[in-house]
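Novice:
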Ligand code: PEP
Ligand code: MN
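Residue numbers (my numbering): -2 to 345.
1. At the level of alpha carbons, what is the spacing between residue 51 and residue 42?
2. Since residue 160 and residue 115 should fall inside the 8 Å C-beta cutoff, what is the C-beta to C-beta distance between them, to a whole number of angstroms?
3. Please tell me whether residue 233 and residue 252 are closer than 8 Å, where the distance is taken between their beta carbons.
4. Nearer than 7 Å: is that true of the beta carbon of residue 295 relative to any heavy atom of ligand 3?
5. From residue 199 to residue 82, what distance separates their C-alpha atoms?
6. Within 10 Å of its beta-carbon, does residue 146 have 16 or more other beta-carbons around it, so buried, or fewer, so exposed?
7. For ligand 1, which residues count as neighbours when the test is a C-beta closer than 5 Å to any heavy atom?
8. Our contact map puts residue 292 next to residue 122 with C-beta atoms below 8 Å; I'd like the distance itself, whole angstroms only.
9. Contact defined as beta carbons within less than 8 Å: I believe residue 162 pairs with residue 168. What is the distance between those atoms, to the nearest angstrom?
10. Which stretch, first to last residue, makes up the alpha helix (DSSP H) that contains residue 49?
11. Helix, strand or coil, according to DSSP, for residue 316 in the structure here?
12. For residue 55, which of 175, 212, 7 has the nearest alpha-carbon?
13. Quick check on residue 239: buried or exposed, where buried means 16 or more other Cβ atoms within 10 Å of its Cβ?
14. What does the alpha-carbon distance come out to for the pair residue 176 and residue 151?
15. Within its chain, find whatever has a CB closer than 8 Å to the CB of residue 254; leave out the 5 residues flanking it on each side and keep chain order.
16. Measuring alpha carbon to alpha carbon, tell me which residue in 59, 40, 35 is nearest residue 22.
17. Residue range of the alpha helix (DSSP H) that residue 8 falls in?
18. Does DSSP classify residue 347 as helix, strand or coil?
19. Of the residues 321, 120, 297, 335, which one's Cα is nearest the Cα of residue 103?
20. Distance check for residue 256 and residue 59, CA to CA, integer angstroms please.
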C-alpha cells in the first residue's frame, strides 16, 4: 500500500504516519517525489486497512499496490531513481560507463588499465576480486589481495570501484573497498546476501540471473529496497536460451520492459551478453538505443592472456573506438555522454 501525503505536510504528520505503520509491525519507506510525498508500506501479509491512515492529518490517499514488487515499481515512485556514486550519477540523462577487466589479475595490470581507462573519460572501474565460477577448477580471483590493489587504484586514480561480493562472510571486507557492490548472476537469488545488502547504505549493482525472468529480477531488487537500501542498479547480462552460437542471449527486450515497470536505473553488460569480443560494440550500441542507462564492459590489455573471460574482452583501443560511437549515438536517443577534459585534451 502507498500512503500519499500533502507535499507540504509538516514533518510531525509524516512521522505520525510512519509510527502508525511501525505499530502494525509493518515497514514504512519514505519515497520522495517532485509532485507528492509518499510512504510505501512493506512487510504486510494482508492488505492494510486504508481507513486507519485516511483519518490521519496530512494524508490524501491510500493506494493498494497490486504488483508483486512494490518498492521497485513505478506505481510507488513514478520518477527515475538516480544513484549517485561519489558525485557521478547512474540513471538520469547522462550515460554511465563501467569498464575494466573481468578479474583483477595483478597490481600492475589493474593500475595500468585504470589509468588508460581514466584517460578515455571512464569514471567507473570494474574488476573482480572474488569470482564465483561455474567450474571449481577455474580461476577464483585473487580475493583479499585484489581488494588491496583496487583500494590503491581508487586512491591513485579517483575511479569509482565496482566489484563483486559473493557471500555474506566477505561482504564487510568487499564493502570497505567497493563504491558499488556487484551481485553476480549466480547470486541473484541468494536471499541472505540480498538481505545483508538491504541493511547497508551502499549502491548495489544487481545482475539478472542466468535463467531469471524480469519479474524474478525485480523481486530480488525488492529484497534490497525492503531492507532500506534504495540504491540499486539493475543489470541485464544475457539469459540462457536454446541458442549455442553465443554465450548467452542478450535480452534487449528486457530494457523497455524493465524501464516501464521500475524506476531503478538499468545498465547492460554486452560482454557476458554475447560472450565474444567482436560482438560487444554492436550490442553496446543496441542497448543504449533501446534505452539502457549505461554499460558495463570487460576490457583487457591482452585478452589472449586473461585469466577469465578474455574472449569477450575488448582491447583498450577497441573500447576507445566504441566510445567515439557512443558519443555520437547519445544525443540521437536523448541521452548525454560528456567528454571528460582529459579526453578532449588527448584528442587535440
Ligand atoms: C562478471 O561480471 O565478470 C560476471 C561473472 O558476471 P555474471 O555474474 O553476469 O556472470
Ligand atoms: Mn567476466
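Beta carbons: idealized from backbone N, C-alpha and C, even for Gly. No experiment lies behind these values; they were computed from the predicted model shown.
Specialist: On the basis of the data shown:
1. 20 Å
2. Contact doesn't hold; Cβ gap of about 17 Å is too wide.
3. yes
4. Looking at this structure, you won't find ligand 3 anywhere; what it does contain is ligand 1 and ligand 2.
5. 9 Å
6. buried
7. 99, 181, 182, 204, 234, 269
8. Not confirmed; about 14 Å, so no contact.
9. 5 Å
10. 48 to 51
11. helix
12. 7
13. exposed
14. 10 Å
15. 211
16. 40
17. 8 to 20
18. Since the first residue shown for the chain is -2 and the last is 345, residue 347 is missing from the structure and cannot be characterised.
19. 297
20. 25 Å
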